[in-house]
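Its first residue numbered 1, the sequence shown is counted upward by one per residue in full-length UniProt numbering. Beta carbons are placed, not taken as given, at the ideal position from N, Cα and C, and that holds for glycine. Written out below as structure tokens is the structure these notes cover.
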Amino acid sequence: TAMRFLCVLAFVLTAFRQARAKAVFAHFMVSNAQNYTLSDWADEIKLAQAAHIDAFALNTAYDQGDGRQYDLAFSAASSAGFKLFFSFDYAGNGPWPASEVLSILKKFKGSSAHFLHNNKPFVSTFEGPGSASDWINIKAQTNCYFVPDWSSLGAKPAMELAGGVADGLFAWSAWPWGNKDMDTFVDASYITYLSGKPYMMPVSPWFYTNLPGYDKNWLWRGDSLWADRWGQVLYVQPEWVEIISWNDYGESHYIGPVRSKALGAMRTGRAPIDFVADMPHDGWREILPFAIDMYVRNITTIASEKLVFWYRKQPAAACDSGMTTGNTASQLQLEFAPTDVSQDRVFYAAVLGSSATVSVTIGGITQTGTWSKSPEDGVGLYSGSVPFNGNLGDVVVTISRGGGSTLSGSGVAISAQCGTGGLANWNAWVGSASGGAVADPTPTSMDDQVCINGTSIDSFSGLCSFACSLGYCPLGACLCTA
Numbered sequence: 001t002a003m004r005f006l007c008v009l010a011f012v013l014t015a016f017r018q019a020r021a022k023a024v025f026a027h028f029m030v031s032n033a034q035n036y037t038l039s040d041w042a043d044e045i046k047l048a049q050a051a052h053i054d055a056f057a058l059n060t061a062y063d064q065g066d067g068r069q070y071d072l073a074f075s076a077a078s079s080a081g082f083k084l085f086f087s088f089d090y091a092g093n094g095p096w097p098a099s100e101v102l103s104i105l106k107k108f109k110g111s112s113a114h115f116l117h118n119n120k121p122f123v124s125t126f127e128g129p130g131s132a133s134d135w136i137n138i139k140a141q142t143n144c145y146f147v148p149d150w151s152s153l154g155a156k157p158a159m160e161l162a163g164g165v166a167d168g169l170f171a172w173s174a175w176p177w178g179n180k181d182m183d184t185f186v187d188a189s190y191i192t193y194l195s196g197k198p199y200m201m202p203v204s205p206w207f208y209t210n211l212p213g214y215d216k217n218w219l220w221r222g223d224s225l226w227a228d229r230w231g232q233v234l235y236v237q238p239e240w241v242e243i244i245s246w247n248d249y250g251e252s253h254y255i256g257p258v259r260s261k262a263l264g265a266m267r268t269g270r271a272p273i274d275f276v277a278d279m280p281h282d283g284w285r286e287i288l289p290f291a292i293d294m295y296v297r298n299i300t301t302i303a304s305e306k307l308v309f310w311y312r313k314q315p316a317a318a319c320d321s322g323m324t325t326g327n328t329a330s331q332l333q334l335e336f337a338p339t340d341v342s343q344d345r346v347f348y349a350a351v352l353g354s355s356a357t358v359s360v361t362i363g364g365i366t367q368t369g370t371w372s373k374s375p376e377d378g379v380g381l382y383s384g385s386v387p388f389n390g391n392l393g394d395v396v397v398t399i400s401r402g403g404g405s406t407l408s409g410s411g412v413a414i415s416a417q418c419g420t421g422g423l424a425n426w427n428a429w430v431g432s433a434s435g436g437a438v439a440d441p442t443p444t445s446m447d448d449q450v451c452i453n454g455t456s457i458d459s460f461s462g463l464c465s466f467a468c469s470l471g472y473c474p475l476g477a478c479l480c481t482a
């Protein structure tokens with residue numbers, strides 16, 4: 001019967017979850033840490049640990065002079081009980097010589113700070129499919145566990161390279177297409193073609209770059225992405241998650257602190273406006289302890305309620321677009337006007353111990369908000385948004401219960417004041433607030449949750465809506481939304 005099938009499926013999924021050693025990493029650009037001291041590394045690691053991140057993926061390009069920073073990073077990580085692994089960047093300065101990769105891995109693979117999987121040193125890449133055959137010998141000499149990002153090929157060709165040298169795959173496809181919200185269909189294709197091998201799922205909050213020195217000037221929709229994607233992680237249940245990124249300021253998806261000594265890429269890339277200064281993203285980390293624990297451990301305890309909110313500081317039509325496009329032809333995508341992709345809305349997410357109402361005030365004018373997503377039992381992650389509605393001024397987001405304010409955060413003003421040369425800044429400003437202790441701090445375990453609402457594309461939408469409502473929401477065909 002259908003009920004018996006669902007019970008068996010639930011048992012299998014539970015056993016599968018419990019058997020796996022899940023972890024969350026953050027992509028760290030070593031090139032932005034060229035001026036770091038040991039204490040800088042220690043500070044970054046402390047913040048990552050507070051967010052429940054397990055390791056930094058050290059993105060490093062060939063012949064970049066990162067060697068001293070490797071030493072400092074591993075020293076700081078060893079002292080803190082934190083983990084690191086290398087993500088060799090084959091796109092930045094061209095392919096890595098195999099001998100150089102071997103030298104680095106042999107030096108650091110025995111460090112107590114090196115992340116291991118199945119007792120093997122874990123290693124990844126950013127691109128580099130043309131050097132796939134190098135990894136046959138690299139694996140033989142280092143016994144490494146190899147999970148590259150060869151997204152330029154797609155999942156099936158990547159798995160076939162060099163006789164299947166990859167032990168798993170990482171996808172770089174962390175952003176939605178055009179004016180769509182994020183879905184999980186690319187994730188599903190990877191899981192299908194991996195045929196049981198592990199998948200590293202990308203999660204990112206935003207994407208905007210305007211660096212003509214690197215021939216880059218586009219955005220992908222951020223908007224509700226940060227909250228949406230963590231819900232998708234709980235649905236997909238990959239082996240690992242990699243956050244893109246901790247400190248890639250030039251692409252606006254950093255969740256770490258903005259450090260003036262780390263912004264060299266903005267100068268090298270000849271940014272026409274400074275789209276990073278005074279644009280903190282630290283608030284995005286506030287929901288991570290909850291989201292990561294629910295993914296890694298299937299359960300968590302909410303120590304205190306959290307609110308995070310984000311928005312662009314100018315209405316989309318107020319400033320010159322700077323020839324920024326939505327999507328990019330450089331990746332064979334149909335391009336949109338950025339005003340058709342990035343919405344004039346204040347987005348918010350909250351980790352709450354019980355249901356509450358939300359309101360957003362812009363320039364003294366208050367709107368009652370709604371929750372587009374909320375937990376079934378009232379304990380957990382809520383998210384939603386409200387439109388600017390043409391309002392300008394300071395922003396206040398308030399969570400209320402019983403007619404009184406429970407949690408409130410204030411943000412910088414939305415204004416028609418543009419950047420240098422009248423240009424728009426398509427980056428997000430992120431604020432946050434923390435509340436008091438929670439009376440009933442434990443949400444329903446992931447082991448006891450199933451998808452109850454879903455959709456798909458075109459003619460599959462109705463079928464998926466029906467199937468998901470019954471607790472059966474196949475990843476390859478459907479997108480779980482609750």
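Closest option to Cys319, judged by alpha-carbon separation, among Pro157, Thr420, Leu470, Asp448: Thr420. With contacts defined by Cβ atoms closer than 9 Å, Val379 and Ile362 do not form a contacting pair.
Annotation note: the segment 279-332 contains the following uninterrupted alpha helix (DSSP H) runs of length 4 or greater, listed N- to C-terminal: 288-296. By the 16-neighbour rule on beta-carbons within 10 angstroms, Thr209 is buried. Exclusion of the five residues before and after Ile273 leaves Asn210, Gly322, Gly419, Thr420, Gly421, Leu423, Asn425 as the residues of its chain whose Cβ lies within less than 8 Å of its Cβ. In the three-state reduction of the DSSP assignment, Gln367 falls in the strand class, which pools E and B. Around the Cβ of Gly65, a 10 Å sphere holds fewer than 16 other Cβ atoms; the residue is exposed. Where Arg221 is concerned, there is no enclosing alpha helix (DSSP H), because DSSP gives it neither an H nor an E.
Rounded to the nearest whole angstrom, the C-alpha separation of Val123 and Tyr145 is 6 Å.
Here Ser359 has Thr366, Gln367, Thr368, Gly369, Val397, Thr398, Ser400 as same chain residues with Cβ atoms under 8 Å from its own Cβ, once five neighbours each way along the sequence are excluded. One Cα belongs to Gly164, the other to Cys478, and the distance between them is close to 29 Å. In the structure shown, Cys480 adopts extended strand secondary structure according to DSSP, grouped into three states. Rounded to whole angstroms, Thr357 and Pro375 show a C-alpha spacing of 14 Å. The beta carbon of Pro289 is closer than 6 Å to those of His52 in its chain, skipping five residues each way along the sequence.
For Phe336, the closest of Val258, His27, Lys180 by C-alpha to C-alpha distance is Lys180. Shown here, Arg259 sits in coil according to DSSP, grouped into three states, outside any helix or strand. Counting C-beta pairs closer than 8 Å gives fewer than three between the segment 185-192 and the segment 221-230, which falls short of the contact rule.
In this structure the segment 276-285 touches the segment 253-267; the number of beta carbon pairs closer than 8 Å is three or more. Within the same chain, Trp175, Leu219, Trp220, Gly222, Glu251, Ser252, His253 come within 7 Å of Phe207 by CB-CB distance, once the 5 residues on both sides are set aside. A straight line joining the alpha-carbon of Leu307 with that of Leu352 spans about 8 Å. DSSP places Tyr214 within a helical segment (H, G or I) once states are collapsed to three.
Under the three-state reduction of DSSP output, Val165 falls in the coil class, being neither helix nor strand. The segment 435-474 contains, as complete alpha helix (DSSP H) runs of 4+ residues, the segments 460-469 (chain order). Within the same chain, Ala55, Lys83, Phe85, Phe122 come within 6 Å of Phe115 by CB-CB distance, once the 5 residues on both sides are set aside.
Residue pairing by DSSP puts Thr398 in a beta bridge opposite Ser359, Ser408. For Glu160, the enclosing alpha helix (DSSP H) has its first and last residue at 155-160. By the Cβ neighbour-count rule, Leu470 is exposed, with fewer than 16 other Cβ atoms within 10 Å of its own.
DSSP lists no bridge partner for Met182. Rounded to the nearest whole angstrom, the C-alpha separation of Ser465 and Arg270 is 47 Å.
In the DSSP assignment, no residue is bridged to Ile53.
Note on geometry: alpha-carbon atoms of Asp377 and Arg285 lie some 23 Å from one another. Per DSSP, reduced to three states, the secondary structure at Thr60 is strand. Segment contact: the segment 154-161 against the segment 439-459, fewer than three CB-CB distances shorter than 8 Å; contact not assigned. Sorting Trp135, Phe170, Thr481 by C-alpha distance to the C-alpha of Val147 places Phe170 at the top. Ser204 has its alpha-carbon roughly 10 Å from the corresponding atom of Trp246. Here Gly364 is exposed: its Cβ has fewer than 16 other Cβ atoms, across all protein chains shown, within 10 Å.
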